[in-house]
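Taking it in order: structure first as structure tokens, then the write-up.
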Amino acid sequence: MGLLKTKILFLITLLFIAGCARSIIKYASKLDENPYQMYGKNPSREFYLPENISDSLVLKWESETYGSFTNSSVSVYDDLVFINDLAGRLFCFNLLTGKKIGSLKYSRGSVFSTPLPLRSKVIFPVALEKENLTELIIYDYAQGKELDDIEIPGRVMTQMIKVDDDFLFTSEVGIVYRFTSSGKKVWETHTRVPTRSSPAMVNNLFIFGNDKGEIIALDSSSGDSVYVKNIGGNFFSGLTISENIIYVGNDNGFVYAINSDNGELIWQFDSGFRIKMEPAVDDKNVYIGNLNGNFFSIDKLSGVENWRTDFRGILNVTPLITKNLIVLPDILFKVHFLEKQSGNILKSVPLDGRAKLTPVIHKNILFVGFDDGVIRAYEFIY
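Every position in the sequence shown, counted from 1, becomes a number in the working numbering once 79 is added.
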């Protein structure tokens with residue numbers, strides 16, 4: 080009996096270790112000249128695809144993760160699709176089939192930020208709730224091994240920006256960092272104000288909002304302060320920059336247009352309720368929703384409302400704007416296709432959970448995500 084108990088205990092131990100172990104992603108990718116490497120695709124985060132699309136779709140594949148999503152998006156390199164979840168995991172799927180290539184598990188924390196995939200590496204922060212720390216992970220998926228695990232103070236809950244071979248990000252405690260892709264810290268700047276607003280970049284300016292209602296611009300090369308402007312209200316919405324104008328919403332329900340060169344206010348628009356999503360901007364208008372379910376088209380130059388469409392659920396996920404349509408996630412289990420000129424709903428695609436991911440169109444495939452941890456890839460029918 081003693082031997083049997085020992086064997087059972089040994090098996091339980093093995094199962095426990097297997098359950099806690101980090102799994103692996105191992106894949107040899109080809110050089111991708113046009114990857115989708117970050118949230119909003121580029122450092123200014125315009126969420127705009129200047130192409131006409133169809134509202135007729137066919138499901139290409141559906142795959143699952145294990146945890147819920149944050150309001151982030153997939154990233155894509157070559158034929159690999161990467162996604163993070165709140166259970167501390169990073170998943171990698173084949174772009175064409177949805178087959179799982181592999182996953183990484185960091186069970187002590189959550190991954191709030193869209194991962195940054197490179198030719199052979201993927202970079203992502205794991206926010207540790209209990210320790211109020213972040214593990215910055217640099218993983219070599221070509222070799223299937225972790226290259227670096229860098230501990231930094233505060234949780235990283237916002238989106239990262241890739242610039243050349245470096246990446247920049249903010250932490251919840253108001254520290255801003257620039258690292259190389261090999262894990263070398265270039266600089267860090269302490270703002271000493273909690274920060275939960277995702278940054279954007281233009282003209283070598285790294286710009287973000289904070290809980291104090293300030294818009295801060297740093298020199299992205301040195302980390303030196305360029306300006307600090309008190310605009311008002313907590314900024315939980317991230318920034319979008321178009322033609323050197325910052326667009327951002329705050330917790331008071333206002334949408335602001337701000338000169339990115341000097342931080343001066345150009346116009347403000349009152350949406351009437353709290354804003355969490357990033358504005359999406361095309362060549363003429365700003366599109367944004369609030370937690371009351373109101374969705375607006377606003378003239379980007381004057382700040383005048385073009386139209387408004389009301390939904391029953393809260394709107395907190397940034398839409399994707401195309402040349403002819405708006406693709407808008409709805410927390411009430413749908414993705415809507417809106418006509419840009421009027422805001423009329425042309426079509427609604429049902430989901431089996433709350434829409435969580437900003438839609439991405441890459442290589443003519445539409446990627447959406449919803450609770451609990453489901454990704455769908457659609458092809459367009461023309």
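Every residue, glycine too, gets a C-beta built ideally from N, C-alpha and C.
When the options are compared against residue i, the one with the closest alpha-carbon
| i | options | result |
| --- | --- | --- |
| N331 | H415, R353, G317, M236 | R353 |
| A166 | Y145, G119, L159 | Y145 |
| N423 | K435, N403, P429 | N403 |
| D362 | K355, S299, G368, S376 | S376 |
| S300 | I325, D245, S276 | D245 |
| F148 | N113, K291, F161 | F161 |
| T319 | D349, G302, G288, G311 | G288 |
| K264 | L411, F348, G302 | G302 |
| L128 | I440, N369, W266, P114 | I440 |
| E210 | G233, V201, T401 | G233 |
Between the CA atoms of residue j and residue i - distance to the nearest angstrom
| i | j | result |
| --- | --- | --- |
| I454 | E143 | 6 angstroms |
| I460 | K139 | 11 angstroms |
| D228 | V447 | 30 angstroms |
| I132 | W386 | 22 angstroms |
| N163 | N323 | 30 angstroms |
| I286 | G253 | 13 angstroms |
| I393 | E357 | 14 angstroms |
| L159 | F172 | 6 angstroms |
| S316 | K355 | 4 angstroms |
| S108 | K308 | 43 angstroms |
| A456 | E130 | 18 angstroms |
| P184 | F191 | One point to set straight first is that residue 184 is Lys, not Pro, in the sequence displayed. For K184 and F191, the distance between alpha carbons rounds to 14 angstroms. |
| G328 | V334 | 4 angstroms |
| C99 | D298 | The pLDDT assigned to C99 is 43, lower than 50, so where the model puts this residue is not dependable, and the model offers no usable value. |
| E125 | V255 | 22 angstroms |
| W346 | S102 | 49 angstroms |
| Y326 | I337 | 7 angstroms |
| L175 | E343 | 46 angstroms |
| A221 | G181 | 12 angstroms |
| K105 | N341 | 45 angstroms |
| N371 | T270 | 32 angstroms |
| E112 | G351 | 42 angstroms |
| R168 | L215 | 13 angstroms |
Span of the beta strand (DSSP E) around residue i
| i | result |
| --- | --- |
| G368 | 364-368 |
| A296 | 293-298 |
| T388 | 384-389 |
| T319 | 319-321 |
| F416 | 413-418 |
| Y185 | Note, Y185: premise wrong, no beta strand (DSSP E); not H, not E. |
| T274 | No beta strand (DSSP E) holds T274; DSSP gives it neither H nor E. |
Buried or exposed by the 16-neighbour rule on C-beta atoms within 10 Å, applied to residue i
| i | result |
| --- | --- |
| N364 | buried |
| Q420 | exposed |
| S189 | buried |
| D409 | buried |
| N282 | exposed |
| E384 | exposed |
| P429 | exposed |
| N443 | exposed |
| T388 | buried |
| L445 | buried |
| K224 | exposed |
CB contact below 9 angstroms: residue i versus chain B
| i | result |
| --- | --- |
| T213 | Among the protein chains of the structure shown there is no chain B, as only one such chain exists. |
Self-check item: Secondary structure, beta strand (DSSP E): runs of 3+ residues fully inside the region 217-253
Solution: Qualifying beta strand (DSSP E) stretches, in chain order: 224-232, 240-242, 245-249.
Practice problem: Taking only runs that begin and end inside the region 105-165, name each unbroken beta strand (DSSP E) of 3 or more residues, in chain order. | Solution: Taking 3 residues as the minimum length, the beta strand (DSSP E) runs contained wholly in the region 105-165 are 136-143, 154-156, 159-163, in order along the chain.
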